[in-house]
Structures are given as structure tokens and as C-alpha cells.
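Asker:
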């Protein structure tokens, strides 16, 4: 192909409330089915619990809540996308796993100005795929709980 | 072995040597004629110098060389060590250390200008006055038991003498021949007699021979291990412990005896392995204390004080990570004690103390924790000054200040930005530090406490856990999940059977308590604290038994009510990620035997959440009294009780004859006066709530008989001026011992004054006043109750 000048990157995609999201593949440690989870009382609501990932204790973050989407319908088992953050592994709970997609740099666009609120900081932008838009998730921001804690304690 | 390996070894060894030098030089300063120590210092410098030359570190060699020259003079007795010399030599040690640091980082010695240091060291070599008469000249003759040692030594005495004392090989040979010819004397004796060697040289040589031998054995039995490797092994053992727990759980369900036996063995071996690995990480606290004599000397010198340091329990062992974590806080505390605690020599003499201040470091194990005490015999903390300062800085209100007891006031100095130093020195007094000390100690699960007596000194007590990685814990279930409670904070377990629950758990204005051996234990319901059940009356309505875990948090006790108590287990602590750092109720997490994750409760955090720690301070009084046995004489024992409208009141216990409880049916009316028949006499009952009532309500209230359906009444039977009467109170709270030296004037009648008892303001009743206002002059004469004692 003739697009040697264009940078491509791979994304691991997943669905949340029918929206397509992607995280950079190199930041993903593994994808696993739902695991036994230990609730953490008093924790910020976005923290679903703790899971035992082969002897490593990993915090599971409910991405639906984190991104202020509708709660997961009861009976729907979440998948774990385990990503590497600055502070070790974090498991992101998603609805369904999609394909690994390869996108070019020029299909990227910043989020529209009309996207507001805390969600904006977590969505870096979108890649325009053929049939739909893929939201690029900022792993660090999504795993950062400080602002989430504040909103949780001030009563959301 | 590559060059860099050699350099690495050189660095590790030299750092150790330098630490020893610090110690030995400070020791020498006190005892300048200790030839053993001098020889050892000399040897250390000599070794460093030699290796430097070999590795091509010229600057380093030059500095070490002048230092060695100076030490030669000292060793030969041409100079005597004085503070000036010690400072110069310590300066040299610091220079060497800095250069080693730079070698470690960059591989080079760095751009340093040591000409000044070298000049100082050289200048000091020529003694200011005539050389001091050598003490070595009069050295004793070699001791007889050295013969056998000569034969096994790696270096013969002759060789050493040839190298160091200029004895020629011919002279040695002659002496050896003489021995062979039948001379029964030792080599050294022969040489001295022949005038080939001075007796001092022979003594030195023997000493060198001996120390070289002990060094050989020490290096044979120890290995240097990289800490990273140790940490890895520790982690693996942690995983093994988890796997073992898992295996044991499966094995519990099997009947296969072979498997059972194997699992038992695995269990034992794992435990032993774990203990062994833990031990490799244990280090004596002396490792960090050893630098303190130097620290103390430097700080004392810079502020013109004289301080002697004493250490007890140097061998007390602690986990390496903890040792590292407390190093800085301890150093700070020691510096602080010298800078603030101990007074200037002239002030000390004026106060009738020895001009040399004493600093005592003490470490010991107690109840699974390590206690470290730093005691000085200095000026002590001035409670009033701290109070004033705290009010000035608006840390507390003047009102709070008067209410605080001594211990609380002392704890104020741990607040950020709080310093009581009159002047800021470069050592301390900037108000940063004590708060950092406290935070750092608390970070590793420790506590800091201060005791101080004005004019006599201060003791700072640091309590820290032995290790952090693997801890014994009690596993409990609550709301269907398991939680681990670190055993260190566990006191006991109490189970109340279903039938007794309703009676045993009482309410203090809605707050549940349990009488544990006569004392009220506040109860905290774990499910409520963790916000599981919205139903607040759950526990009361619960028809099952109640399990109480009695815990200790920051010297306060409370009972944690859980659904089920499972078992004790060794758990591997894994920290919580930053997403959960804000949840103070949990200290970490761990993987249980079945592979599920359980949260570890942070007892202190939980207590704070449930307000145990801030609200019910008076619970700790029993500890406090034993602690302060010294000033027990000034203390008084009070009976605490609740008066009308939940007010806290007290009377001195000495005025009390008995505590009684009467059913209302026994209360009779004598006119408008409540009375009861008590031990064959008529006891007038004075109702405290009526006495305290405002005048206009009083008359009506006075005449009302007791409501027939109310519960039994609590009565304090008192003796006053030979007459007895009963005081009806709402509730009896406690018996406490306190100094009650914080007083303020009474705000209402029948009250003598307000005092602070058990950290809270309490009204001390005016008994004669009550008698007057209740007008019980018509009451019957005294009951004969001389033999009566307090009891219930």
C-alpha cells in the first residue's frame, strides 16, 4: 500500500451501551471473561470491586458508570479489559469485546465542542471508521478516580 | 569478576567501613586512649586508601592518605584526640563518603576541591605543643597465651612485625632459630629483649593478628545478597503461603490420608520457610542507631550543648522495609531532642542537673510490636506555652485549650506548622517535621506518643509493627463478604447468645454498648459502617447470636459486631490501588485460600469513621492510670454519672458509700420527700434533676411521686456530716481516676465547679449545697454505714 507516510495504530475495541470504544492495543494487558468479584463497601460507585488476577489484586472499574452511561442491564455479564495504567493493572468492565482495528492517523478527529462535562476529559476523540465512529478512551484519565471520588462524595 | 564488580564491592565495603568510622571516632573522642579503637580506625582508613590507589581514585587516595598520616600520629601517641581533631577526621570521613557517592553515580570522584580539608588535616599533624608523652611506651609485655595463636594465624607475628615495625627479616630469623634451639619464650619476648622491637609494636602486631583472624571467620559465614532478590523471594513466599492455604482448604474435604500427610508437611515447611525468609529481612535496629552518636555529637556541638547518648536494645530486630521507613523519623526525633529537649550546660547546672545531658534510646518488643523510646532529661514540654501558642496560631480556641488534658496538648506539636521553639535554628524549630514524623510512622501502621514532665525531660514513644508483608489476621464475615482484621489490634472475642442479646446490649441515648467486665464497651456494627443494610434496627431485631470482636484503636477499645467469626489466618497484605486510597476503612486487600479477594479492615480508620476515637475518650482511663502511676498521688477517683438533660457530673468517690438500684415500687412519699427503706432505716432520696431544675418548676416536680411504670432508679448513697441520703441520678457512667486540675467556676447552683475529667468537662457536685437546697434537714439521723463499701 502507498500510505507509508501515514502512521497507523491498533486499537482494541469494545462496546458500551451500543457505543464503540477503543483503547490502544499496547496499553492492554489481556481480555478475560467475568471473574469473581469482591465488593468494596464505601468505595466510589465507579469501582465495581476487586478481582484476583493470578495472584495480583486488580481494581475493576465499571466503565458504564465512569462514562455516565445507563447502568448495565441485570443479567448481562461484563467482560474485563485489563489495561496497564501508571498505577499498575486496572480492569475495565465493558459489555462486549469487538475486533482489533487498525486505523490511520488522518481518520482521527477531536471530540466536538458540544461534548461537555467530565466525560470529555476521558474521550480523546474519535476515529472515523467506515460504518461508525470509534471513541478513543484515555486510559489514564479513565482510571483516575480522584475526580470521581469527589463527585461521589459531594453527592451525585 | 569485572572492574565494575570490584568497584561495587569496594563501595559496599567502604560504606560499611565509613559508618563504623563515624561511630569509632565519636567513641574515641570520649576515650582518646582506647588503643584498640584507634588501631581499628587506622586500619579502616588504611584499607580504603589502599583500595583507592589500586582502583586509581587519586583524589580519594590523597584525602585518605592525609587522614591516615594524622591517625598515625594519634596511634603513636604523638597526639591526643581532641574535639578539633575529631571534627577534622569526621570531615575527612564525609569527604570520602561524598566521593564514594559520586563514584557510585557517575563512576568518577567528582569535581571536588579538598585542598582546604587536606591543609587542615596536615596542619593538625604538627602538635600545637610538645608531643604528649606516649602512653604506649609503658605497654605491657606480651601475654603468655599467644603461643598457640601464632601457629594458626594467617600471618605470623614475625611477618606483621617486619611489615609494620621495621624489624628486619634477619632479626626474625635469629629469633626463630633461638626458639628452635630450645628457648621457651615467645617470639615477641625474644625480639623485645634483643632490642629489635618495641613492646608496643609487639602488642599491636598481636592485636592485628587476632583481628585478621576474626575477620576471616566473619566473611566465611555471611553472604551479601541483593535486597531486590530478597524482596522477590519474599513475594514468592507470599504466593506460596496463599497456595498453601488453598491446598489446605481442599484437603480439608478429603479423606485420603496420604494426601493429608503431604499437605501437613507442606504446611509445616511453608511456615518454616516463611519464618526463615522473614528473618533474612530482619535487621537489628542498631543498624540505624549507629549513626546517632555522630548525629547527636554534631547537633550538640552546633548548638553548644553537651549530650551523652545511651542505647538499650540495639539487637531488637525489625523488617528491613520498616527499618528504612523509620530511619528518617527517628533521626528527626533524635535531633529534636538534642536541639529542643536538652538545655544548654549553664542552664542545666542552674537547674541542678548534670551539665552533660542524657539521651536514651530504648527498643523492645511488646505485644507483637516494637517500641522505640527516645528519652531526654531536658527541660520537658511546657504545657502552658503550647496551649498559648496553639491559641495564638488559631489551631484551637481558648475554650478548647482550657479543656484539653496534658496529653492532648502534647499531641498538638504533631500538627503541621506547629513549633514551640522560641527561635528557629538550622536544626529544628521550623515547624516542619513533627507532623511528618507522625505521618510517616502512621503510614507503616505505627503510633507516636509523647510524655513529658516540665523540667525533667521528655519521652517520645514510637510503636511500630514488626513486619508488613505477612500478618496474622482474624477473618470475619459481614454482609456475605469476608474481611480480615489484623490480629495486632484484636483483644478478644465475645459471643452473646440469642436469648441474652436484648438484655446484654444496652443503649446510651441510642448508641449501643455492651458491659464487658463492668465497663461499657461501645459497639460498632460493621454492616452499618459499611452501609450494607439500610435497616438500622437490624441487630436489635436479629434473633441470632451476636458476635463481638473487641478491638483496640489508638488506645481506645470498641466492639465490632460482625455476622460471623471464621478463623485466624496468615494473610499476605497487598496494598490498595489509588482508586481506593480514599477509602480509609480498608488497609489493603489479600487473597484468601479459595482464591477470592478479601479486604483488610483498617481498625483505626474504622474507629475514626464510627467516631470511637474522638467521642469516647474516657474509655481509656484504666490505661492512663497505669501509665501515670508516678503522679497517681495527685489524682483523685471520681464517680461519673449522668444528671438531668444528659449532663456529665461527678462526685469524689470518697464521699460515696454505696451504689444502689431500687425499683420504683420501693419509693415512698414522706410529705413531698421521696424516701425508701434501706437497711432498716429511712433513706431520704434527693432527685438530682429536681435539685438542678429551675426554681419555678421545682415545687411542682418536687411533689410528684415516681411514675409507677418507670424502670428502677439509680441511687448514690452518700454520707455527709454523719448523715446519709440517696441521690437519684439518671445513669451511672464510670469510675475514673484523674487529676482534674483544669477548673472553671460553676455555672449553676449545686455545682462546686466544672473540671475536666477523662478529657471532658464534668460538673463536680456541691454536696452540702444540694443538701441545703433540697432542705432535707428534717431527714432522719445518720444510718450506721461505716462498714459500707462501694459496690453494686
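Chains as they are written, first to last, in this note's numbering: chain G, 11 to 166; chain S, 689 to 1480. We treat Cβ as the ideally placed atom computed from N, Cα and C, and that holds for glycine.
What separation, rounded to the nearest whole angstrom, lies between the Cα atoms of residue 50 (chain G) and residue 60 (chain G)?
Answerer: So the two alpha carbons sit approximately 7 Å from each other.
Asker: Thinking C-alpha only, which one of S:952, S:1137, S:1143, S:957 is nearest residue 1038 (chain S)?
Answerer: Of the listed residues, the one whose Cα sits closest to residue 1038 (chain S) is S:1143.
Asker: Compare the C-beta of residue 57 (chain G) with all C-beta atoms of chain S and state if any pair is closer than 7 Å.
Answerer: Cβ-Cβ to chain S under 7 Å: yes for residue 57 (chain G).
Asker: Check the Cβ of residue 49 (chain G) against every Cβ in chain S and list those closer than 7 Å, keeping chain order.
Answerer: Under the 7 Å cutoff, chain S gives 1169.
Asker: Let me check understanding here. Comparing Cα to Cα, which of S:1347, S:1152, S:1172, S:1329 lies closest to residue 1261 (chain S)?
Answerer: With distances taken between Cα atoms, residue 1261 (chain S) lies closest to S:1172.
Asker: Between which two residues does the alpha helix (DSSP H) containing residue 733 (chain S) stretch?
Answerer: Residue 733 (chain S) -> alpha helix (DSSP H) spans 723-743.
Asker: Of all the options G:55, G:115, G:143, which has the alpha carbon lying nearest to the alpha carbon of residue 74 (chain G)?
Answerer: For residue 74 (chain G), the nearest C-alpha among the options comes from G:55.
Asker: Report the rounded CA-to-CA distance for residue 1427 (chain S) versus residue 64 (chain G), giving the unit in angstroms.
Answerer: Taking the straight line joining both Cα atoms gives about 58 Å.
Asker: Grab the span of the alpha helix (DSSP H) containing residue 37 (chain G) for me, first residue to last.
Answerer: Here residue 37 (chain G) belongs to no alpha helix (DSSP H), and DSSP marks it neither H nor E.
Asker: DSSP puts residue 72 (chain G) in a beta bridge; with which residues?
Answerer: Note: residue 72 (chain G) sits in a beta bridge opposite G:103.
Asker: With DSSP collapsed to three states, give me the class of residue 1025 (chain S).
Answerer: Three-state result, residue 1025 (chain S): helix.
Asker: For the candidate residues S:1459, S:973, S:1295, whose alpha-carbon lies nearest to that of residue 1376 (chain S)?
Answerer: Nearest C-alpha to residue 1376 (chain S): S:1459.
Asker: When burial is assigned at 16 or more other CB atoms within 10 Å of the CB, is residue 1437 (chain S) buried or exposed?
Answerer: Residue 1437 (chain S) is exposed by the Cβ-count criterion.
Asker: Out of S:742, S:744, S:781, which one is the CA nearest neighbour of residue 754 (chain S)?
Answerer: Answer by Cα proximity: S:781.
Asker: Using a Cβ-Cβ distance under 7 Å, would residue 73 (chain G) count as near chain S?
Answerer: Taking Cβ atoms only, chain S never reaches closer than 7 Å to residue 73 (chain G), which makes this a no.
Asker: Quick check on residue 742 (chain S): buried or exposed, where buried means 16 or more other Cβ atoms within 10 Å of its Cβ?
Answerer: So residue 742 (chain S) counts as exposed.
Asker: Could you check the C-alpha separation between residue 722 (chain S) and residue 704 (chain S) for me, to the nearest Å?
Answerer: Rounded to the nearest angstrom, the two C-alpha atoms are 21 Å apart.
Asker: Taking the alpha carbon of residue 913 (chain S) as the point to measure from, which residue in S:1284, S:1353, S:697, S:1354 has its own alpha carbon closest?
Answerer: Residue S:697 is the option with its Cα nearest to residue 913 (chain S).
Asker: When the distance is taken between beta carbons, is residue 982 (chain S) closer than 7 Å to residue 724 (chain S)?
Answerer: Their beta carbons are not under 7 Å apart, which means residue 724 (chain S) does not touch residue 982 (chain S) by this criterion.
Asker: Could you check where the beta strand (DSSP E) with residue 993 (chain S) kicks off and where it finishes?
Answerer: Unbroken run through residue 993 (chain S): none, as it is neither H nor E.
Asker: What did DSSP end up calling residue 1132 (chain S) once you bin it into helix, strand or coil?
Answerer: It is coil, neither helix nor strand.
Asker: Taking 8 Å as the cut-off, does the segment 1175-1189 of chain S touch the segment 1232-1243 of chain S (at least 3 CB pairs, one atom from each stretch)?
Answerer: Taking 8 Å as the limit for Cβ pairs, the verdict is that the segment 1175-1189 of chain S does touch the segment 1232-1243 of chain S.
Asker: Can you give me the start and stop residues for the alpha helix (DSSP H) that residue 88 (chain G) sits inside?
Answerer: Where residue 88 (chain G) is concerned, there is no enclosing alpha helix (DSSP H), given that its DSSP letter is neither H nor E.
Asker: Mind checking whether residue 107 (chain G) and residue 38 (chain G) have CB atoms under 7 Å apart?
Answerer: Taking 7 Å as the Cβ cut-off, residue 107 (chain G) and residue 38 (chain G) do not qualify as a contacting pair.
Asker: Beta carbon of residue 1067 (chain S), beta carbon of residue 1079 (chain S): below 7 Å?
Answerer: No, these two residues do not count as a Cβ contact at 7 Å.
Asker: If contacts are defined as beta-carbon pairs under 8 Å, then residue 1238 (chain S) and residue 1204 (chain S) qualify, I think. What distance do you get, rounded to the angstrom?
Answerer: Correct: roughly 7 Å between the Cβ atoms.
Asker: Cβ of residue 160 (chain G) less than 7 Å from any chain S Cβ?
Answerer: Confidence in residue 160 (chain G) is poor, its pLDDT being 42 and thus under 50, which makes the residue's placement too unreliable to answer from.
Asker: Is residue 90 (chain G) close to chain S, meaning its C-beta is less than 7 Å from at least one C-beta of that chain?
Answerer: Output row for residue 90 (chain G): interface = no.
Asker: With distances taken from CA atoms, which of S:1217, S:1326, S:1362 is nearest residue 1299 (chain S)?
Answerer: Comparing Cα positions, the closest option is S:1217.
Asker: Does the beta carbon of residue 1226 (chain S) come closer than 7 Å to any beta carbon on chain G?
Answerer: In this prediction, residue 1226 (chain S) scores a pLDDT of 47, lower than 50, which makes its location untrustworthy; the coordinate-derived value is nonetheless stated afterwards. Not one chain G Cβ lies under 7 Å of residue 1226 (chain S).
Asker: Please state whether DSSP places residue 1407 (chain S) in a helix, a strand or coil.
Answerer: Three-state result, residue 1407 (chain S): strand.
Asker: Hey, does residue 1266 (chain S) have any beta-carbon neighbour from chain G nearer than 7 Å?
Answerer: Closer than 7 Å to some Cβ of chain G, the Cβ of residue 1266 (chain S) qualifies, so yes.
Asker: Select from the segment 918-948 of chain S all residues with a C-beta closer than 8 Å to any C-beta belonging to chain G, and list them in chain order.
Answerer: From the segment 918-948 of chain S, only 927, 930 have a Cβ closer than 8 Å to chain G.
Asker: Hey, out of S:792, S:790, S:726, whose CA is closest to residue 762 (chain S)'s CA?
Answerer: Here the closest residue by C-alpha is S:726.
Asker: Short of 6 Å in beta carbon distance, which residues of its chain neighbour residue 1013 (chain S), apart from the five on each side in sequence? Order them along the chain.
Answerer: Around residue 1013 (chain S): 1132.
Asker: Could you tell me the alpha carbon to alpha carbon distance between residue 1457 (chain S) and residue 1331 (chain S), rounded to whole angstroms?
Answerer: So the alpha carbons of these two residues sit roughly 16 Å apart.
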